[in-house]
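Participant: Sequential numbering of the sequence shown, starting at 1, is according to our numbering. The C-beta atom is built at its ideal place from N, Cα and C for all residues, glycine as well. Following this message is one structure expressed as structure tokens.
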Amino acid sequence: MITITKQLEGKYTNFVKPIEDYIKWLNSYRHFKKPIEIILHDHPILSYGYLCDCHVDMKDRKIYYSLYGIEQGIKKRKKSKQDAFISVVFDVFGDLALQLSKFYMIDQDNCDIHEYIRQYEEYEKRMYQEKEAMVHQHIYMTPAYQKYLKHGLKIKFKKEIPKRIVEAMQLFETFLHQQMTFPIRVTVTFTKKSLKDCDGYFVLPHHSSDYPKIKVSLQDYQRIKKKHGTYTAVLNTLEILAHELGHYHEYINGKWFEDEIQSETYADQFEQNIIQLFIDDVYAPFFRKKYGNDRV
Numbered sequence: 001m002i003t004i005t006k007q008l009e010g011k012y013t014n015f016v017k018p019i020e021d022y023i024k025w026l027n028s029y030r031h032f033k034k035p036i037e038i039i040l041h042d043h044p045i046l047s048y049g050y051l052c053d054c055h056v057d058m059k060d061r062k063i064y065y066s067l068y069g070i071e072q073g074i075k076k077r078k079k080s081k082q083d084a085f086i087s088v089v090f091d092v093f094g095d096l097a098l099q100l101s102k103f104y105m106i107d108q109d110n111c112d113i114h115e116y117i118r119q120y121e122e123y124e125k126r127m128y129q130e131k132e133a134m135v136h137q138h139i140y141m142t143p144a145y146q147k148y149l150k151h152g153l154k155i156k157f158k159k160e161i162p163k164r165i166v167e168a169m170q171l172f173e174t175f176l177h178q179q180m181t182f183p184i185r186v187t188v189t190f191t192k193k194s195l196k197d198c199d200g201y202f203v204l205p206h207h208s209s210d211y212p213k214i215k216v217s218l219q220d221y222q223r224i225k226k227k228h229g230t231y232t233a234v235l236n237t238l239e240i241l242a243h244e245l246g247h248y249h250e251y252i253n254g255k256w257f258e259d260e261i262q263s264e265t266y267a268d269q270f271e272q273n274i275i276q277l278f279i280d281d282v283y284a285p286f287f288r289k290k291y292g293n294d295r296v
């Protein structure tokens, strides 16, 4: 459980409210085994040259976050295309998430702070992944931030992609928009090259201005087509995309499985459900009407 203590001499209502909402969201979507206290204050502190930053007491699980001079940060960003206030608020989320992710790692692995420090290099990658997830999932799931984001599913086709795949993907794209929402833009691309240890992957964003991406490999398309026919080869490609969309669906709905097996199980179930529905309602009837029973 994360709590907030306010020790503010000035008026920072505009900043405190989104921070409180963020902490409320974290308490709903992340399980911290021990209490964490965030102390919001407006005193100047010195940390890497910044007067507004955070200090962390790892032993007592306290985060001291200074809002000192934060208005100046907004003024400096007035010239940028992004809303200056929102940009600063997202940065605050990132600052807090970076510290909270450390406690999350400690709690998930049931280790103490000394063990965490000794094994920091092993934890570092997971820590930053969790930090990004804590920030992006909250932003994606909060209606007030939707106007600052791009939405929808964008599938990019290159000229060398087989026409049967393009045809099926266009049907699938229309079907997907009827079945689910895309509160954050996800772009799908294809490659004929093999991907390392997989047929497709879902790439998480690394910054609030980035967007998720999916890449699908067509390396097995011709082999499957030759052995089982075009119908099966096309469906195999759709299944790869559906699986990665399962990870997208998991992510935008606040689910975050530290256990890779749990994550893959979720994506597999999503894939099976959405593909079977697509086959029954759209693709099988379309294929029979256009190509008859010839699946070669």
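Would you say PHE202 and HIS138 are within 8 Å of each other, going by their C-beta atoms?
Facilitator: By 1-based counting over the sequence shown, the position of residue 202 is 202. By 1-based counting over the sequence shown, the position of residue 138 is 138. Contact flag unset, no.
Participant: Under a three-way DSSP split, which group does LEU238 fall into?
Facilitator: The residue given as residue 238 occupies position 238 in the sequence shown. Here LEU238 sits in helix by DSSP.
Participant: Between the alpha carbons of GLU122 and VAL166, how many angstroms are there, rounded?
Facilitator: Along the sequence shown, one-based indexing puts residue 122 at 122. Along the sequence shown, one-based indexing puts residue 166 at 166. Going by the C-alpha atoms only, they are around 42 Å apart.
Participant: Tell me the rounded alpha-carbon separation between ILE86 and ILE36.
Facilitator: Sequence index remark: in the sequence shown, residue 86 carries index 86 (1-based). Sequence index remark: in the sequence shown, residue 36 carries index 36 (1-based). Rounded to the nearest angstrom, the two C-alpha atoms are 25 Å apart.
Participant: What residues match up with HIS41 in a beta bridge as DSSP calls it?
Facilitator: For the purposes of this step, residue 41 is taken as residue 41 along the sequence shown, with counting starting at 1. Bridge partners of HIS41: GLN7, SER66.
Participant: Give me the DSSP bridge partner(s) of TYR201.
Facilitator: Here residue 201 corresponds to residue number 201 of the sequence shown, with the count starting at 1. Its beta-bridge partners are LYS215.
Participant: Cβ atoms of THR189 and LYS156: under 8 Å apart, would you say?
Facilitator: To locate residue 156, count along the sequence shown from 1; it is residue 156. To locate residue 189, count along the sequence shown from 1; it is residue 189. Cβ distance < 8 Å, so LYS156 and THR189 count as in contact.
Participant: CB-CB under 7 Å to GLY254, same chain, minus the five flanking residues each way: which ones, in chain order?
Facilitator: Locating residue 254 in the sequence shown gives position 254, where the first residue counts as 1. The residues are TYR29, GLN137, MET141.
Participant: State the DSSP-derived secondary structure class of HIS206, mapped to helix, strand or coil.
Facilitator: Taking the sequence shown and counting its residues from 1, the one referred to as residue 206 is at position 206. Of the three classes helix, strand and coil, the one that applies to HIS206 here is coil, per DSSP.
Participant: So what does DSSP say about PHE182, is it helix, strand or coil?
Facilitator: Taking the first residue of the sequence shown as 1, we reach residue 182 at position 182. In this structure, PHE182 counts as coil in the three-state DSSP scheme.
Participant: Sorted by chain position, which residues of the same chain lie with C-beta nearer than 6 Å to MET134's C-beta, five sequence neighbours on each side aside?
Facilitator: Translated into the one-based positions of the sequence shown, residue 134 becomes position 134. ALA97.
Participant: Let me confirm a value: GLU115 is counted as buried when at least 16 other C-beta atoms fall within 10 Å, else exposed. Which label applies?
Facilitator: Translated into the one-based positions of the sequence shown, residue 115 becomes position 115. Answer is exposed; the Cβ neighbour count stays below 16.
Participant: Can you tell me the Cα-Cα spacing of THR265 and GLU250, whole angstroms?
Facilitator: For the purposes of this step, residue 265 is taken as the residue at position 265 of the sequence shown. For the purposes of this step, residue 250 is taken as the residue at position 250 of the sequence shown. So the two alpha carbons sit approximately 11 Å from each other.
Participant: I'd like to check one pair, THR13 with ILE39: are the Cβ atoms closer than 8 Å?
Facilitator: Mapped onto the sequence shown, residue 39 falls at position 39. Mapped onto the sequence shown, residue 13 falls at position 13. The answer is no: Cβ separation not under 8 Å.
Participant: Are three or more beta carbon pairs between the segment 216-224 and the segment 174-186 nearer than 8 Å?
Facilitator: No, the segment 216-224 does not touch the segment 174-186.
Participant: Can you name, in chain order, every residue of its own chain whose Cβ lies under 7 Å from the Cβ of THR237, other than the five neighbours on each side?
Facilitator: Taking the first residue of the sequence shown as 1, we reach residue 237 at position 237. Excluding sequence neighbours, THR237 sits near ILE165, VAL216, LEU218, TYR221.
Participant: With distances taken between CB atoms, is the gap from ILE63 to VAL56 smaller than 8 Å?
Facilitator: On the sequence shown, residue 63 is found 63 positions in, with the first residue counted as 1. On the sequence shown, residue 56 is found 56 positions in, with the first residue counted as 1. Going by C-beta atoms, ILE63 is nearer than 8 Å to VAL56.
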